[in-house]
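The block underneath contains the structure these notes are about, expressed in structure tokens.
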Amino acid sequence: MPLSLTQITGNAVSGRMGLCFEDPITTVLSTNCSLMYYDDEIINCSFFSNKNESVFLDYNNTDFINLQPDGSIYKELNYSFIGSYNTVIYATDNANCTIKETEYNVDILAAGNHPPELILNIPNQILLKDTTIVSVSLVEHFMDPDNDPMTYTKTVIPPNLLITISSAGIVSFSGTNGFSGKVPVQIIATDIHNASTYSNLFWVEVIAPYEEEEKEESSSSSGGGFGGIIGSEITCVPEWVCEDWTECQPHGYQIRTCSDENVCNTTLMRPNLSQTCEYIPTCFDKIQNGGEEGIDCGRVCNNECVIDTCFDGIQNFKEEGIDCGGICEKKCPGNCFDGIKNGDEEGVDCGGSCDKRCAILEVPALIEEASSPYFLFLLILIASSTLVFAAYKKRREIRRLAKKLKPKHVPQQKIIDYNQEFAKLNESLPNSMTKKVLNEISRLILEHLSKEFNIDGIKTLEEMIDITKARETPKKDIILSLLNELNSKIYSNMELSKSKLKSLVDEAEFLVNIDVKTQASTNPIINPPNKENLYSYESTIIQALKANNVALAKKNYMEMYNQVKEKGEKDLLHSVDMAYRFIKYYEGKK
Numbered sequence: 008m009p010l011s012l013t014q015i016t017g018n019a020v021s022g023r024m025g026l027c028f029e030d031p032i033t034t035v036l037s038t039n040c041s042l043m044y045y046d047d048e049i050i051n052c053s054f055f056s057n058k059n060e061s062v063f064l065d066y067n068n069t070d071f072i073n074l075q076p077d078g079s080i081y082k083e084l085n086y087s088f089i090g091s092y093n094t095v096i097y098a099t100d101n102a103n104c105t106i107k108e109t110e111y112n113v114d115i116l117a118a119g120n121h122p123p124e125l126i127l128n129i130p131n132q133i134l135l136k137d138t139t140i141v142s143v144s145l146v147e148h149f150m151d152p153d154n155d156p157m158t159y160t161k162t163v164i165p166p167n168l169l170i171t172i173s174s175a176g177i178v179s180f181s182g183t184n185g186f187s188g189k190v191p192v193q194i195i196a197t198d199i200h201n202a203s204t205y206s207n208l209f210w211v212e213v214i215a216p217y218e219e220e221e222k223e224e225s226s227s228s229s230g231g232g233f234g235g236i237i238g239s240e241i242t243c244v245p246e247w248v249c250e251d252w253t254e255c256q257p258h259g260y261q262i263r264t265c266s267d268e269n270v271c272n273t274t275l276m277r278p279n280l281s282q283t284c285e286y287i288p289t290c291f292d293k294i295q296n297g298g299e300e301g302i303d304c305g306r307v308c309n310n311e312c313v314i315d316t317c318f319d320g321i322q323n324f325k326e327e328g329i330d331c332g333g334i335c336e337k338k339c340p341g342n343c344f345d346g347i348k349n350g351d352e353e354g355v356d357c358g359g360s361c362d363k364r365c366a367i368l369e370v371p372a373l374i375e376e377a378s379s380p381y382f383l384f385l386l387i388l389i390a391s392s393t394l395v396f397a398a399y400k401k402r403r404e405i406r407r408l409a410k411k412l413k414p415k416h417v418p419q420q421k422i423i424d425y426n427q428e429f430a431k432l433n434e435s436l437p438n439s440m441t442k443k444v445l446n447e448i449s450r451l452i453l454e455h456l457s458k459e460f461n462i463d464g465i466k467t468l469e470e471m472i473d474i475t476k477a478r479e480t481p482k483k484d485i486i487l488s489l490l491n492e493l494n495s496k497i498y499s500n501m502e503l504s505k506s507k508l509k510s511l512v513d514e515a516e517f518l519v520n521i522d523v524k525t526q527a528s529t530n531p532i533i534n535p536p537n538k539e540n541l542y543s544y545e546s547t548i549i550q551a552l553k554a555n556n557v558a559l560a561k562k563n564y565m566e567m568y569n570q571v572k573e574k575g576e577k578d579l580l581h582s583v584d585m586a587y588r589f590i591k592y593y594e595g596k597k
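Using this note's numbering, you'd call the opening residue of the sequence shown number 8 and step up by one each time.
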């Protein structure tokens with residue numbers, strides 16, 4: 008313990024004594040650093056004392072915090088920093104005495120969805136003309152920080168170069184119709200939230216076989232190496248210098264480059280740029296060959312291939328929905344808003360499991376002919392002529408009468424009490440089937456967004472998703488996240504827990520009312536979350552935001568995030584994402 012000068016009394020025979028120049032009691036450590044950050048933010052804050060002239064700050068060893076000598080901290084965050092960190096900040100004086108210390112505990116939280124990341128560049132590809140190679144597995148080159156499933160597309164390429172990407176991310180390259188040349192390509196990885204990342208730019212080169220190359224060169228120089236210029240004065244003789252042959256490529260050829268040091272701008276006398284060789288396939292050459300079932304897997308290789316199935320809970324391998332349609336025996340269910348007669352519907356989006364009943368069309372029975380068709384035609388002609396003549400004679404009276412009888416057009420606008428609609432939905436929730444609840448949420452959201460976007464005739468979630476993507480609105484991410492979640496749950500045809508359904512109802516209701524200005528209650532009721540039901544955290548967060556208590560919303564979000572992360576509850580990731588988006592949007596409004 009540091010001693011003051013007044014405490015030093017007595018006689019010292021021998022020993023060593025150190026003096027601390029500052030009094031720990033009067034030394035105060037302060038900071039403007041927050042206790043919570045999102046992983047898309049920058050930490051830019053400082054620690055300082057009331058005795059900056061004579062006190063120095065230090066910290067315990069950590070890879071996360073880097074405290075500068077002036078007490079400042081600057082760190083750009085990303086998803087890799089998500090977690091909790093504990094650091095001790097020390098204050099020392101000129102005598103190197105630690106006179107004060109304080110703990111700094113900070114939580115880095117996920118800032119919603121993260122786009123896929125390119126973790127390994129895709130190498131250049133070489134193949135023979137009119138052949139196909141399977142050589143790239145995109146799961147080795149891309150990863151999604153949120154473990155979302157990814158889909159892959161490619162940039163525009165010439166029609167004679169065929170690049171096929173399977174649902175599992177296996178890429179095959181084919182040179183067709185005699186095409187040869189070198190083409191730049193990029194692959195785009197996209198997650199379920201429509202966030203995309205481009206790969207590096209790599210080249211796909213389609214080369215001609217050795218025999219064709221040799222044939223082309225011989226035809227261009229008839230009669231020998233100088234066959235096109237015999238009888239003319241030779242002004243430039245090429246001097247070719249070639250690099251070493253490459254290793255034998257999977258297509259059975261070696262290639263090299265040759266350059267003319269005299270720069271004669273000719274291919275005369277140029278050595279061969281390719282030659283045949285014997286390639287021995289391996290289980291680590293990144294190509295599907297040698298009888299393998301996939302890239303370096305199956306049969307001759309010891310490891311098994313990961314094959315898409317209709318039971319993996321993911322929409323892949325040309326499935327039309329999650330584990331349904333396409334190659335799967337199970338047919339995907341329709342929905343009651345897609346404008347198509349499907350599922351168990353009795354008509355277009357009506358009947359069966361849809362709430363809307365199909366209209367009954369009454370068709371009059373046919374009247375059998377009672378006379379000759381010529382007589383009937385003559386009768387109709389006479390009656391029509393009589394009516395036209397009578398109308399002409401009385402045209403003025405008809406016009407005056409029509410003006411009196413014509414009703415004034417009063418546009419009718421459908422008024423929906425969303426609070427009442429959601430109250431009914433919440434009341435019926437315990438006894439309702441999943442499909443009915445999801446369809447009702449979809450109906451209310453589509454009606455609300457159609458009114459907000461001032462558009463008519465939107466019947467499906469897919470249509471509204473496309474419309475929202477083209478709109479510039481601060482709520483864009485919130486809307487798309489909810490629409491995509493509803494769409495995926497409807498097509499999955501799975502029964503959801505009542506907690507999950509309640510969560511979706513709360514999200515939809517809050518989205519509808521998020522911009523409605525209401526007078527905050529003096530003592531708003533905010534129900535604490537049920538620790539046994541993690542979905543209840545989202546309800547508490549929404550209640551806190553309605554009460555303008557952003558701090559409480561953040562606190563519950565942090566608890567929810569940590570609980571979901573600790574228990575590995577992937578089903579709750581959407582709720583965590585929506586809670587985050589609601590908080591960020593609400594902060595932007597303040």
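Every residue gets a Cβ at the ideal spot worked out from N, C-alpha and C, and that includes glycine.
Opposite residue i in the DSSP bridges: which residues?
i, result
"Ala430", "In DSSP, Ala430 forms no bridge with anything."
"Gln132", "Val211"
"Ala98", "Leu64 and Lys107"
"Ala196", "Tyr159 and Thr204"
"Phe149", "Leu125"
"Ser181", "Thr139 and Leu169"
"Val248", "Ser266"
"Gln261", "Gln282"
"Tyr92", "Val113"
For residue i, which residues of its own chain have a beta-carbon under 6 Å away from its beta-carbon, when the five flanking residues on both sides are left out?
i, result
"His455", "Val519"
"Ile549", "Asp513 and Phe517"
Could you give the distance in angstroms between the alpha-carbon of residue i and the alpha-carbon of residue j?
i, j, result
"Lys443", "Ser506", "15 Å"
"Pro165", "Phe209", "15 Å"
"Asn39", "Arg588", "25 Å"
"Phe429", "Leu468", "19 Å"
"Thr34", "Ile590", "37 Å"
"Cys249", "Ala215", "19 Å"
"Thr264", "Thr475", "52 Å"
"Lys136", "Pro156", "34 Å"
"Ile452", "Lys482", "13 Å"
"Val270", "Pro245", "7 Å"
"Asn128", "Ile472", "32 Å"
"Ala477", "Asp484", "12 Å"
"Ser227", "Pro122", "In this predicted model, Ser227 has a pLDDT of only 48, less than 50, meaning its place in the structure is not dependable enough to derive any value."
"Glu369", "Asp463", "In this predicted model, Glu369 has a pLDDT of only 42, less than 50, meaning its place in the structure is not dependable enough to derive any value."
In the structure shown, what three-state DSSP assignment does residue i receive?
i, result
"Gly595", "helix"
"Val355", "coil"
"Met43", "strand"
"Glu545", "helix"
"Leu125", "strand"
"Gly508", "Just to set this straight, residue 508 is Leu in the shown sequence, not Gly. In the structure shown, Leu508 sits in a helix (DSSP, three-state: H, G or I)."
"Glu83", "strand"
"Thr171", "strand"
"Lys189", "strand"
"Thr138", "coil"
"Asp114", "strand"
"Leu36", "strand"
"Ile50", "strand"
"Phe460", "helix"
Looking only at its own chain, which residues have a Cβ that is under 7 Å from the Cβ of residue i, when we skip the five neighbours before and after it?
i, result
"Leu134", "Ile140, Phe180, Gly182, Val213 and His258"
"Glu299", "Gly305, Arg306, Val307 and Cys308"
"Asp584", "Gly119, Asn120 and Ser488"
"Gln295", "Val141, Gly301 and Ile302"
"Ser582", "Ser510, Tyr542 and Glu545"
"Glu594", "Val557"
I'd like to check one pair, residue j with residue i: are the Cβ atoms closer than 8 Å?
i, j, result
"Leu552", "Ala560", "yes"
"Ile89", "Ile72", "no"
"Asp267", "Trp252", "no"
"Val211", "Val190", "yes"
"Thr197", "Thr158", "yes"
"Ile194", "Leu145", "yes"
"Leu36", "Thr109", "yes"
"Leu445", "Ile497", "yes"
"His148", "Leu125", "yes"
"Asp5", "Ala98", "Because the chain here runs from 8 to 597, residue 5 falls outside it and cannot be looked at."
"Ser53", "Ser79", "yes"
For residue i, I'd like the list of residues in its chain whose CB is within less than 8 Å of its CB, leaving aside the five on either flank, ordered along the chain.
i, result
"Ile448", "Leu432, Leu493, Leu511, Val512 and Ala515"
What I want to know is whether the C-beta of residue i ends up closer than 7 Å to one or more non-hydrogen atoms of the ligand HEM.
i, result
"Tyr564", "As presented, the structure is devoid of all ligands, the ligand HEM included, so that no description of it is given."
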